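Novice: Residue numbers (my numbering): 1459 to 1939.
Ideal placement from N, C-alpha and C gives every residue a C-beta, glycine not left out.
No experiment lies behind these values; they were computed from the predicted model shown.
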Ligand SMILES: Cc1cc2nc3c(=O)[nH]c(=O)nc-3n(C[C@H](O)[C@H](O)[C@H](O)COP(=O)(O)OP(=O)(O)OC[C@H]3O[C@@H](n4cnc5c(N)ncnc54)[C@H](O)[C@@H]3O)c2cc1C
């Protein structure tokens, strides 16, 4: 058939500004392929799985719109892609690279298995690993210098796909057939038309969301922390799935106002955590600052009970419980609530950040190893340029500051629906008469706090100081003479 390239879509489920797709379409025929890997799908929580399948279905429709057919394969990625490439006698397989250790292993295996080159590009970050370096040619361990350098770099030109009919080859397996095959393998897939027809995770809906966000972004700096208001872009899952190009978001937003600069800075954080993951592939398993791995986290039945209360949204702290219930129900969570809930697990319950990281990654629709582990290490104080270990969020103060009227709490913790704004943040401070008036029996309808915050704070400071060999004022303890 002539000059064929395979475009292997992974976490870049879009046609616009997609370097791998653009490279594949520079050949006479580009064959778009998705490999559904059973073990990866089994490891994604319900929200991310639904979002991913919806994005694949949207990609399939976009391709149909330009007269192309998506080939869907099920199985081991390296074997499947090598099989497709061999069958088509492809000249190359074009991909966008990823930073996770799994992706790196998979691509090494694929490159070994292929009889043609694996042509790797970068499409999931604004600037790829290795592009943002200090004068000494290293990755900065502090964000601000990274950000300064990041801003000076030019955006790569938008990746343009070749116009005209792009693909050849019959569809080996359609998406519904692939999903049926996965179900036969015992993968618990969401069913119904919403999975394959839901527009939420399409390239087109992400673009619409960006257009809407461009009308709001100037206020970002002022309202981004108010988790009750929707003052953020809600683009993270689209970026995670790759239905949206981060490069094109930066180009569209620009830097004309303080709000725009603050927003683009967050995309630089996203790049930074990806660069850190590229450099520290065990970011989800080990503290980047190794001494922090000596913290004596709580283990055993009482820690397990507390972990279960945290996951179930039954800690007795309304802001934490609202966050954990929203996360479980929707897979979405405002950044401030992620920080407060994560801080509560690590610094109030003294439970290993890795347990929380796994739980979040499982449930978040945008659950992403680099971003999630990087942020958990920030909260736990174990990463570079992280929150210092002695910075411990007070959940009640956070709640009062960022959701003053308590509307978000009442929405997700309906037991508290009749408590007024002055008391909903800390129901245990209400008088018995007040509680009775609101129809709330603490300890029956809603838990009393599972831990006293002030006591927990002292316990955590002691545990970190002991791990780091610090005296009580936070300074290093003099070594014995
Ligand atoms: C404990 C914890 C876990 C997190 N896990 C994830 C995760 O798995 N996946 C994920 O994408 N983000 C994660 N974040 C970062 C952040 O909370 C989300 O990116 C943000 O809430 C998404 O909402 P938004 O798109 O409206 O963000 P906006 O405020 O509109 O920000 C714009 C974009 O910038 C990026 N961004 C914003 N904040 C951060 C940040 N702190 N770190 C890195 N990038 C950021 C995101 O891509 C986001 O879409 C986590 C944060 C914490 C504290």
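#1: Tell me whether residue 1583 sits in a helix, a strand or coil according to DSSP, three-state version.
#2: For residue 1875, collect the residues of the same chain with a Cβ closer than 6 Å to its Cβ; drop the 5 residues on either side in sequence, then sort them by chain order.
#3: Between the segment 1670-1690 and the segment 1640-1647, can you find at least three pairs of beta-carbon atoms closer than 8 Å?
#4: How about residue 1753 and residue 1797: are their beta carbons less than 7 Å apart?
#5: Under 8 Å Cβ to Cβ from residue 1531, same chain only, skipping five residues before and after it: list those, please.
#6: Mark residue 1922 as exposed unless 16 or more other C-beta atoms lie within 10 angstroms of its C-beta, in which case mark it buried.
#7: Identify the continuous alpha helix (DSSP H) that holds residue 1892 and give its terminal residues.
#8: Spatial neighbours of residue 1719 within its chain, please: CB distance less than 6 Å, with the 5 preceding and 5 following residues excluded, ordered by chain position.
#9: Compare the C-beta of residue 1786 against all C-beta atoms of chain C and say whether one is closer than 7 Å.
#10: First and last residue of the alpha helix (DSSP H) that includes residue 1710?
#11: If we count the other Cβ atoms within 10 Å of its Cβ and call it buried at 16 or more, is residue 1913 buried or exposed?
#12: When every heavy atom of ligand 1 is checked, does at least one fall within less than 6 Å of the C-beta of residue 1829?
#13: Near residue 1933, what residues of its chain come up, given a Cβ to Cβ distance below 7 Å and the 5 sequence neighbours on each side ignored?
#14: Please report the distance separating the alpha-carbon of residue 1626 from that of residue 1478.
#15: So which of 1852, 1730 and 1865 has the shortest CA-CA distance to residue 1828?
#16: Let me confirm a value: residue 1890 is counted as buried when at least 16 other C-beta atoms fall within 10 Å, else exposed. Which label applies?
#17: DSSP has residue 1466 in a bridge; who is on the other side?
#18: Checking 7 Å against the spacing of the C-beta atoms, do residue 1898 and residue 1906 come in under that value?
#19: Output the boundary residues of the alpha helix (DSSP H) element that contains residue 1781.
#20: Is the CB-CB distance between residue 1585 and residue 1611 below 7 Å?
#21: Looking at the structure shown, is residue 1928 part of a helix, part of a strand, or coil, going by DSSP?
#22: Considering Cα atoms alone, identify which of 1706, 1841 and 1764 is closest to residue 1664.
#23: Can you say whether residue 1776 is buried or exposed, counting buried as having 16 or more other CB atoms within 10 angstroms of its CB?
#24: Near residue 1938, which residues of its chain fall below 6 Å by C-beta distance, leaving aside the five closest residues on each side in sequence?
#25: Ignoring anything shorter than 4 residues, give me the alpha helix (DSSP H) runs that lie fully in the segment 1520-1552, in order along the chain.
#26: Quick check on DSSP: helix, strand or coil for residue 1647?
#27: Can you find a heavy atom of ligand 1 that lies under 6 Å from the Cβ of residue 1800?
#28: Roughly how many whole angstroms lie between the Cα atoms of residue 1510 and residue 1582?
#29: Determine the closest residue to residue 1526 out of 1467, 1716 and 1488, with distance taken between C-alpha atoms.
#30: Does DSSP put residue 1578 in a helix, in a strand, or in coil?
#31: Alpha carbons only, please: which of 1588, 1850, 1839 and 1864 is nearest the one belonging to residue 1747?
#32: Report the option in 1860, 1556 and 1596 whose CA atom is closest to the CA atom of residue 1469.
#33: I'd like the list of long-range same chain contacts for residue 1569, defined as Cβ closer than 7 Å, with 5 residues on each side in sequence excluded.
#34: Return the chain-ordered list of same chain residues with a C-beta closer than 7 Å to the C-beta of residue 1931, the five sequence neighbours on each side being excluded.
#35: In the DSSP assignment, the alpha helix (DSSP H) including residue 1663 goes from what residue to what residue?
#36: What do you get for residue 1547, buried or exposed, if any count of 16 or more other CB atoms within 10 angstroms of its CB means buried?
Specialist: So, to answer that:
#1: Locating residue 1583 in the chain shown gives position 125, where the first residue counts as 1. Looking at residue 1583 - three-state DSSP - the assignment turns out to be coil, as it is neither helix nor strand.
#2: Within the chain shown, numbered from 1, the residue matching residue 1875 stands at position 417. Around residue 1875: 1868.
#3: no
#4: Position 295 of the chain shown, counted from the first residue, corresponds to residue 1753. Position 339 of the chain shown, counted from the first residue, corresponds to residue 1797. Against a cut-off of 7 Å, the Cβ pair of residue 1797 and residue 1753 comes out as no contact.
#5: For this step, residue 1531 is matched to residue 73 along the chain shown. For residue 1531, where only same-chain residues beyond five positions count, the Cβ hits under 8 Å are 1491, 1492, 1493, 1494, 1538, 1539, 1541, 1542, 1630, 1631 and 1636.
#6: In the chain shown, counting from the first residue as 1, residue 1922 sits at position 464. Counting other Cβ atoms within 10 Å of its Cβ, residue 1922 reaches 16 or more and is therefore classed as buried.
#7: Taking the first residue of the chain shown as position 1, residue 1892 is located at position 434. That run of the alpha helix (DSSP H) goes 1890-1895.
#8: Residue mapping note: residue 1719 aligns to position 261 of the chain shown, counting from 1. So the list reads 1713, once near-sequence residues are dropped.
#9: Within the model displayed, chain C is absent; a lone protein chain is all it includes.
#10: The residue given as residue 1710 occupies position 252 in the chain shown. Unbroken alpha helix (DSSP H) run through residue 1710: 1704-1711.
#11: As a working mapping, residue 1913 is identified with position 455 in the chain shown. A residue is called buried when at least 16 other Cβ atoms come within 10 angstroms of its Cβ; residue 1913 does not meet this threshold and is exposed.
#12: Numbered from 1 along the chain shown, position 371 holds the residue referred to as residue 1829. Yes - ligand 1 has a heavy atom lying nearer than 6 Å to the Cβ of residue 1829.
#13: Position 475 of the chain shown, counted from the first residue, corresponds to residue 1933. The predicted position of residue 1933 is uncertain, since its pLDDT is 49 and thus under 50; a value taken from the coordinates is nonetheless stated next. If we look at residue 1933 and ignore the five residues flanking it on each side, it has no Cβ neighbours.
#14: Locating residue 1626 in the chain shown gives position 168, where the first residue counts as 1. Locating residue 1478 in the chain shown gives position 20, where the first residue counts as 1. Here the model assigns residue 1626 a pLDDT of 49, short of 50, so the residue's position is not dependable, and the following value carries that caveat. Between residue 1626 and residue 1478, the C-alpha separation is close to 17 Å.
#15: As a first step, residue 1828 must be located in the chain shown, where it is residue number 370. Residue nearest to residue 1828 within the set 1852, 1730 and 1865 is 1730 (criterion: CA-CA distance).
#16: As a first step, residue 1890 is located in the chain shown; it is residue number 432 there, counting from the start. Exposed is the call here.
#17: Here residue 1466 corresponds to residue number 8 of the chain shown, with the count starting at 1. BP columns for residue 1466 point to 1491.
#18: Position 440 of the chain shown, counting from 1, holds the residue named residue 1898. Position 448 of the chain shown, counting from 1, holds the residue named residue 1906. Result no, Cβ atoms of residue 1898 and residue 1906 do not sit closer than 7 Å.
#19: Position 323 of the chain shown, counted from the first residue, corresponds to residue 1781. First-last of the alpha helix (DSSP H) with residue 1781: 1776-1788.
#20: Here residue 1585 is taken as the residue at index 127 of the chain shown, counted from 1. Here residue 1611 is taken as the residue at index 153 of the chain shown, counted from 1. Contact annotation: residue 1585 and residue 1611 have beta-carbon atoms nearer than 7 Å.
#21: Translated into the one-based positions of the chain shown, residue 1928 becomes position 470. DSSP places residue 1928 in strand when its eight states are reduced to three.
#22: For the purposes of this step, residue 1664 is taken as residue 206 along the chain shown, with counting starting at 1. Cα-wise, what sits closest to residue 1664 is 1706.
#23: Within the chain shown, numbered from 1, the residue matching residue 1776 stands at position 318. Result: buried.
#24: Stepping through the chain shown from its first residue, residue 1938 is reached at position 480. The predicted model places residue 1938 with a pLDDT of 39, which falls under 50 and marks its position as unreliable; any figure quoted below should be read in that light. Nothing listed; no residue qualifies.
#25: 1535-1546
#26: Here residue 1647 refers to the residue found at position 189 when the chain shown is read from its first residue. Note: residue 1647 maps to coil in three-state DSSP.
#27: The count along the chain shown starts at 1 and reaches residue 1800 at position 342. Residue 1800 Cβ: within cutoff of ligand 1.
#28: The residue given as residue 1510 occupies position 52 in the chain shown. The residue given as residue 1582 occupies position 124 in the chain shown. Straight across, the Cα-Cα distance linking residue 1510 with residue 1582 is about 15 Å.
#29: Counted from its first residue, the chain shown places residue 1526 at position 68. Ranking the options by Cα distance to residue 1526, first place goes to 1488.
#30: Counting from 1 along the chain shown, the entry for residue 1578 is found at position 120. Strand, per DSSP.
#31: Indexing the chain shown from 1 puts residue 1747 at position 289. Per the Cα distances, 1839.
#32: Position 11 of the chain shown, counted from the start, is the residue given in the question as residue 1469. Checked all of 1860, 1556 and 1596; the closest Cα to residue 1469 is 1556.
#33: As a first step, residue 1569 must be located in the chain shown, where it is residue number 111. Closer than 7 Å at Cβ, skipping near neighbours: 1576.
#34: Position 473 of the chain shown holds residue 1931. Confidence is the limiting factor: at residue 1931 the pLDDT is only 48, short of 50, which leaves the residue's position unreliable, though a coordinate-based value still follows. Listed in chain order, the non-local C-beta contacts of residue 1931 below 7 Å within the same chain number zero, local neighbours out to five positions each way being set aside.
#35: Locating residue 1663 in the chain shown gives position 205, counting from the first residue. Segment 1661-1674, the alpha helix (DSSP H) holding residue 1663.
#36: Mapped onto the chain shown, residue 1547 falls at position 89. With fewer than 16 Cβ atoms within 10 Å of its Cβ, residue 1547 is classed as exposed.
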